[in-house]
Each structure stands twice: as C-alpha cells, then as structure tokens.
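Numbering-wise, the sequence shown is residues 614 to 868 according to the numbering used here.
For glycine and all other residues, C-beta sits at the position ideal for the given N, C-alpha and C.
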Amino acid sequence: MRLEVRLDPVELGMLPPNYREALQAVIYRNLPPPLADALHDGRYWEGRRPVKPFVFSQLSGAISYQRADGFSVGGQVWFRFASPAVDLVQALAEGLLRNGVIRLATLHFAVREVAALPDPSLELPLVVRTLSPITVYRTFEQDGRRRTQYYNPLAREFAELVAANLARKAEILRLPCSEPIQIHPLGVSPRHRRLEQYKGTWIEAWAGRFRLEGPEQMLWLALHAGLGAKNSQGFGFVDVEPRRQSPDAERRAEA
614 MRLEVRLDPV ELGMLPPNYR EALQAVIYRN LPPPLADALH DGRYWEGRRP VKPFVFSQLS
674 GAISYQRADG FSVGGQVWFR FASPAVDLVQ ALAEGLLRNG VIRLATLHFA VREVAALPDP
734 SLELPLVVRT LSPITVYRTF EQDGRRRTQY YNPLAREFAE LVAANLARKA EILRLPCSEP
794 IQIHPLGVSP RHRRLEQYKG TWIEAWAGRF RLEGPEQMLW LALHAGLGAK NSQGFGFVDV
854 EPRRQSPDAE RRAEA
C-alpha cells in the first residue's frame, strides 16, 4: 500500500541538508508506540530476519535546494510512503490525521491530506523514476579497517546487488520469487549522482530513470518496499512513469 502525504508549512524557512533523518523520525512518532518500537528494532515480523519493511520519498513541491544552507520551503510540500504491510501504512495514515501537525527539524507543518495511491499497471516494459535515490554497496576489511564500496548504475554490481536485495526482501516476506528482477539505467549520467548524509555518514546514491523487468510480484515489491539498500532511511523509492501513447493511439483515444 502506498500513501501521498501533503503538508502545509506553518512557517516558511529552511530545512537542513540531512532532513531525511527528521522525516524518518516523523514516521516513527506517528505510529502507535508498540508498532514503532517493533519496527525500529527489526521485530515487526517475529521469527524472521530483522527487517524494516517500508520506504519513503524525499520532499517534493515548493522546496528548493540552497547549496550553502539546505532546503528552502516556500509552500506546500509532499512525500510518499510505501510498505507491503497494509496495517503499517494504515496506522501511519491514522496517526498523521489524528495529530494534524508535525515537526520536521525546525519547521512545523499542518497535515493537509493523506491519500492512498492506486497500484499502477505493471505492464512491461516498466519504466520507473526515483523519488529518492537508490544506493547499493558492499563492505569489506582493508588494512584492519571496515570500508564501504558503493556502485553506480553502469557497473555490473549495481544490477546484481539491486536484484539480490529485492530477492532477500521477498524471502523474508515469504513472497514467491521465481526469477530475479532486472534493472537497466535509462540516460543516467554523473549528474544523477547524489551524496547524502545520514547520521554523520556519507552515502552515495543515484537518481534517474530505470527500466525494470521481472515477475509481477517482484515488480510490485519494488514499488512497495523500495529498490536497493537503506529503504527505511529514505532511499530507493521509485514510482512508475506514465506510459506514453503513440500518436496513432492518442488520435484513436480522442476519436
């Protein structure tokens, strides 16, 4: 299930570059405490590997990046939240509507609307765009220190790690996974690279458009649990790009 949350600023101002930490905190604060605690501690599915089965997007709308200071909020903003767990999404929607106002870093926002989004068509080829960038990586020991290697969409490891990550999610959630998903970058270039900070750690991630292929159940999971790693930290939220009709199809639709 997927939500779109629209927020009206009580006051205009600036959000810090790492506001995703504050947005994640908003999500936890608006869930019932027992559910929030189980989710935070990875106990949401008892008896299974620890998992935080949700993903959220960056803010969109009347918000702009100011290189020196962070993000300037000039009006209504919105973000999206998704999870394969319907009760989790419903609990968040109820909490936001009940509380009515949220604090995001130093700014306050009134909750204008919380709307459930319809599931998009999963007809192939499926083209998605990121509403928060995708990150994948491997960790290893070098000279006695733990290091992290991030991968870009043009590297073979990027597609392999995205597919393996989604397969693990399917296994944890006990969803059928007959074959791995395939992901292909569409026009992704160095300008789509993002360096994002989360709790003092710099994370390399990639925005842009991607073509997905694979079983319908896995495509559904990609939209509801996110692509790549660190989804519960606000990475890997993708949405289906509207399918463009051919000129002949458009003329037939207008007739």
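Residue i and residue j closer than 9 Å at C-beta
| i | j | result |
| --- | --- | --- |
| S629 | A718 | Note that residue 629 is Pro in the sequence shown here, rather than Ser. Yes, they are a contact pair. |
| H625 | V686 | Per the sequence shown, residue 625 should be read as Leu rather than His. Yes, the Cβ-Cβ distance between L625 and V686 is below 9 Å. |
| L648 | F667 | no |
| A723 | G708 | no |
| N643 | L705 | yes |
| W819 | H805 | yes |
Spatial neighbours of residue i in its chain, beta-carbon cut-off 7 Å, leaving aside the 5 residues before and after
| i | result |
| --- | --- |
| R619 | Q689, W691, R725, E726 |
| S670 | F692, R693, L744, S745, F850 |
| L720 | P622, E624, G626, L628, V686 |
| P955 | Limits of the chain in this structure are 614 at one end and 868 at the other, which puts residue 955 out of reach. |
| A675 | V686, G687, G688, Q689, V690 |
Chain-order list of residues whose beta-carbon lies under 8 Å from that of residue i (same chain, five-residue window excluded)
| i | result |
| --- | --- |
| L834 | P697, L779, K782, A783, L786, L788 |
| L737 | E826 |
| L832 | L735, L739, I794, L825 |
| V775 | I747, V749, I794, I796, L840, G841 |
Alpha-carbon spacing of residue i relative to residue j, whole angstroms
| i | j | result |
| --- | --- | --- |
| W815 | N631 | 10 Å |
| D756 | Y750 | 19 Å |
| V623 | R716 | 10 Å |
| V741 | V639 | 26 Å |
| S677 | E809 | 16 Å |
| G617 | S791 | In the sequence as presented, Gly is not what sits at residue 617; that position holds Glu. C-alpha separation (whole angstroms): 31 Å. |
| S845 | E854 | 23 Å |
| Y641 | D732 | 24 Å |
| R807 | L710 | 32 Å |
Spatial neighbours of residue i in its chain, beta-carbon cut-off 6 Å, leaving aside the 5 residues before and after
| i | result |
| --- | --- |
| G683 | M627, L628, P629, P630 |
| V801 | P766, G821 |
| R615 | A695, L730 |
| Y657 | A651 |
| Q679 | S685 |
Whole-number beta carbon distance between residue j and residue i, since they are thought to touch under 8 Å
| i | j | result |
| --- | --- | --- |
| Y811 | R633 | 7 Å |
| Q637 | G813 | Q637 to G813, Cβ: 15 Å. No contact. |
| T752 | R760 | 7 Å |
Beta-ladder partner(s) of residue i, from DSSP
| i | result |
| --- | --- |
| W833 | Answer is none; W833 lacks a bridge partner. |
| D682 | Its beta-bridge partners do not exist; DSSP assigns none. |
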